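Number of protein chains: 2
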Amino acid sequence: MSVLQELIAALPDGTVVTDPDILESYRHDRAADPSAGTPMAVVRPRSTDEVQAVLRWASAHRVAVVPRGMGTGLSGGATALDGGIVLSTEKMRDISVDPVTRTAVAQPGLLNAEVKKTVAEYGLWYPPDPSSFEICSIGGNIATNAGGLCCVKYGVTTDYVLGLQVVLADGTAVRLGGPRLKDVAGLPLNKLFVGSEGTLGVVTEITLKLLPAQQSACTVVATFDSVEAAANAVVAITGKIRPSMLEFMDSVAINAVEDKLRMGLDRHAAAMMVAASDDRGPAGAEDAAFMAATFTEHGATETFSTSDPNEGEAFVAARRFAIPAVEAKGSLLLEDVGVPLPALAKLVSGVAKIAANHDLVISVIAHAGDGNTHPLIVYDPADAAMEQRAQLAFGEIMDVAVGLGGTITGEHGVGRLKRPWLAGQLGPEAMELNRRIKQALDPEGILNPGAAL
Amino acid sequence: MSVLQELIAALPDGTVVTDPDILESYRHDRAADPSAGTPMAVVRPRSTDEVQAVLRWASAHRVAVVPRGMGTGLSGGATALDGGIVLSTEKMRDISVDPVTRTAVAQPGLLNAEVKKTVAEYGLWYPPDPSSFEICSIGGNIATNAGGLCCVKYGVTTDYVLGLQVVLADGTAVRLGGPRLKDVAGLPLNKLFVGSEGTLGVVTEITLKLLPAQQSACTVVATFDSVEAAANAVVAITGKIRPSMLEFMDSVAINAVEDKLRMGLDRHAAAMMVAASDDRGPAGAEDAAFMAATFTEHGATETFSTSDPNEGEAFVAARRFAIPAVEAKGSLLLEDVGVPLPALAKLVSGVAKIAANHDLVISVIAHAGDGNTHPLIVYDPADAAMEQRAQLAFGEIMDVAVGLGGTITGEHGVGRLKRPWLAGQLGPEAMELNRRIKQALDPEGILNPGAAL
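Each protein sequence line maps, in turn, to chains D and R.
Residues 3 to 455 in my numbering are what the first sequence spells out, letter by letter.
Residues 3 to 455 in my numbering are what the second sequence spells out, letter by letter.
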């Protein structure tokens, strides 16, 4: 029996896929990593037991395992490897909600949006909201410690993880944490897996902390004729109140969105902010008024406030639409750098300088309230020289962020695309500590080799 | 040069203390662990460099190091060991606040209350509020992932840790994370140290996330003639709103507090709830009205609501005073078990059964909103048989909690007192994973041996 036949025999029919056309579609995530190989198989288990069988087999034969959620990752965390397998969690889709403990137990293959929808039926809310929430999986969110728009107030994925079931490299299944809001028994190992990008284990079950349904928000939109003015307003706001959203779009993004949506955005603005407060009752409106006034004080050319959720949502949708809209101009290298908030304007102007130097269009959108920006580097893949300039810019933007005390990745993960820059941010001691943990949990190095570490 | 002289020579004068009277005062934390030894020295470094020197020395000579904050721990996490040293961080007291990034960088020796006070000068707030906040250190809070009263809404210590500087067993200093609200570069190792009870490294600097100043709260106090009624009301509340406090006291605690404070508490009540909402404007009062109504629906014999912060604070102070008040009745074994919220009433009745079986007074107070209870086992240390019964009860309470899907420790840590029960909660796979991480970071086992793991 060949190595692969052994795997096929260990799992229910149809779990192991070797059809070349299907394999092709699992080679890349959205990062379209050019180094992608072709896996020997795609494995789609339906249970923790099956994941254990896969990893026992992979350990025994030293086969590289690339865990994959819905393949929406932007850093090449799920790039397939020649001779390895892709372990897709897409078929693991159970969820149960306990409204009394305000927790949900979800399998990793559910979409973020499906988790939100299911818990909403109980009047509950799962806050983290990556822009890709309608197409990304909750398992992938765990792998990258995904963020989103509401994180400025509500925190990131790890803040909602109470417990995990994880299958380790050798096939051992471990339960960490559980539906207890406070639990300090043993090391906080559940947190260690949130953001580990599939390098330490495969998450097969997630116990999520939920909140009561979100209140409807008051929304404020403001346009500025300089990026600095907008960035200064952000800092003035976050020092005083806790907005539930504080999003930034630059001129390129505004125009790209307006090209598509024709909603009357100001094409001459250098920057647009979309801010919201979901504090209840008059407090939300007070926050909105405070933000509008702060925007004005900082030179906003126009502000618009609304307490109508649909009207507000239209602007949020415009912000969410920025990436596909800019993508209409060419292929994108999508950056994810973050800085301490006071450095936001410097980061944006640094990006503009890089764009000018390399004769590139780089649009900046940002979760401004937490200093996390997404410079969108536009290039034509048919123009090899341009693509090379885009790659250079991609690296230089990370260098600028690190130089400002920032991070090479705020919420997308290191994956394979950003790995060469990781040591520059972490330094040798923290890199060594990362390697020690990896070595302790995956001594054979079969889990997502080449990603993150 | 003796081993100890080598340490003395490596550090500034006065850093290493060997005076027997002083050593005596560092043998125990508040758990008064009877197994405590006498350390060869107490070392009180003032900087990361000095901590590195201590750990290099300890590694070279395989000397056990017991890290210690202010010695207020309740699980024996800082019990001294014969022939080891106690590394006290009490002299490391620097703090700087950046109101723009809404972060503080604190050394571990500051009291929690000092951190709160310093950041309040900038209009900011550090939420976690263990009842011991006036005497416990922020470093100790990191070690145990401390909780408190406001955690039901605002989360626990780990939710506020953005970055750490940690000295590892071999003396390497590592920076993890930093003043960035989102950062997923590398494994989330800063979180691994929060709650690691000094077993993986010594934290020398902490970057804390802060919030804008808390709004003043509306407070609701309610008395019940059964514990079940109070527990049911808790679940009805947390499913609907996010109170900023939801505290429980049983009849023994009510009477003990009333004995001391004479504030007119209902001595006939079986349970008292102290609840609050700090939502802004009318929302806080709405929440308070909702909680009062819910208490009444669930059979409260009396409810009292106030939006006067001083009046509210008097009841919070009464709740905080419960432990010293009950302590007036005898020595205490202070438990810290937690359960998923629906099991709260079962846990409390289980404790009552254990008290009856062992002819003991056990008072239960609880951070009810997150299912975290503190059964206070009263005993007379001069009565050996009673002390033994108290010890039995201490273990049985943990067994009941684990049997209800709960935890042996919600916020105090495992330390040495609860270590025999840890495997029963975690199971063999998670225990093995804990040991693997410990082995990877502290292969010689010099850091807090015998604690937690």
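No residue lacks a Cβ here, since even glycine has one placed at the ideal position from N, Cα and C.
Because the structure is a prediction, the values reported are computed rather than measured.
Run the CB neighbour count on residue i, radius 10 Å, all protein chains shown included, and call it buried at 16 or more, exposed below.
| i | result |
| --- | --- |
| V5/R | exposed |
| D23/R | exposed |
| G20/D | Residue identity differs from the one stated: residue 20/D is Thr in this sequence, not Gly. With fewer than 16 Cβ atoms within 10 Å of its Cβ, T20/D is classed as exposed. |
| K155/R | buried |
| H365/D | Sequence inspection shows Ser at residue 365/D; the His mentioned does not correspond to that position. S365/D is buried by the Cβ-count criterion. |
| D372/D | buried |
| S37/D | exposed |
At which residues does the beta strand (DSSP E) containing residue i begin and terminate?
| i | result |
| --- | --- |
| C220/D | C220 to F226 |
| R70/D | V67 to R70 |
| Q1/R | Residue 1/R lies beyond the residue range present for chain R, which begins at 3 and ends at 455; the question has no answer from this structure. |
| E207/D | V204 to K211 |
| R321/D | Segment P311 to R322 is the alpha helix (DSSP H) holding R321/D; no beta strand (DSSP E) there. |
| V163/R | V163 to V169 |
| L89/R | I87 to S90 |
| V186/D | Neither: V186/D is in no beta strand (DSSP E) and is coded neither H nor E. |
| A38/D | Careful: A38/D lies outside any beta strand (DSSP E) and carries neither H nor E. |
Taking C-alpha atoms, which residue in the options lies nearest to residue i?
| i | options | result |
| --- | --- | --- |
| F450/D | A11/D, A82/D, H63/D and L362/D | Sequence check: residue 450/D is Asn here, not Phe. Per the Cα distances, A82/D. |
| V363/D | Q217/D, E329/D, V318/D and A384/D | E329/D |
| D51/D | V168/D, M275/D and A324/D | V168/D |
| D289/D | T303/D, T308/D and L435/D | T308/D |
| L435/D | S49/R, G405/R, G150/R and L170/R | L170/R |
| R32/D | L57/D, V56/D, V67/D and G71/D | G71/D |
| H63/R | L9/R, A231/R, D161/R and A387/R | L9/R |
| M94/R | P110/R, T103/R and A347/R | P110/R |
| A231/D | E299/D, L248/D and A287/D | E299/D |
| L267/R | A238/R, I239/R, V318/R and D281/R | V318/R |
| L213/R | A287/R, L183/R and G426/R | L183/R |
| V353/R | P342/R, K331/R, G332/R and L378/R | L378/R |
| Q216/R | A278/R, G408/R, S49/R and Q441/R | A278/R |
| K242/D | T91/D, D100/D, A295/D and G407/D | A295/D |
| A224/R | D185/R, R269/R and P181/R | R269/R |
Please state whether DSSP places residue i in a helix, a strand or coil.
| i | result |
| --- | --- |
| D31/D | coil |
| R438/D | helix |
| S253/D | helix |
| Y128/R | coil |
| Q393/D | helix |
| N374/R | strand |
| F306/R | strand |
| G405/R | helix |
| V350/D | helix |
| T160/R | helix |
| G286/D | helix |
| I97/D | strand |
| T105/D | strand |
| K12/R | Reading off the sequence, residue 12/R comes out as Ala, not Lys. Note: A12/R maps to helix in three-state DSSP. |
| A273/R | strand |
| L455/R | coil |
| V19/R | strand |
| L263/D | helix |
| I137/R | coil |
For the alpha helix (DSSP H) holding residue i, just list the boundary residues, first then last.
| i | result |
| --- | --- |
| Y156/R | C153 to Y156 |
| V341/R | Taken as a continuous stretch (DSSP letters only), V341/R belongs to no alpha helix (DSSP H), as it is neither H nor E. |
| L194/D | L191 to F195 |
| A235/D | V229 to T240 |
| A215/D | That residue, A215/D, is in no alpha helix (DSSP H); it is neither H nor E in DSSP. |
| A145/R | I140 to T146 |
| A122/D | N114 to A122 |
Where DSSP assigns a beta bridge to residue i, which residues make up the other side?
| i | result |
| --- | --- |
| M247/R | A278/R |
| G179/R | G165/R |
| H300/R | According to DSSP, H300/R bridges with nothing at all. |
| S365/R | L378/R |
| S333/R | Y381/R |
| A43/R | I87/R |
| L76/D | L76/D is not bridged to any residue. |
| L449/D | V67/D |
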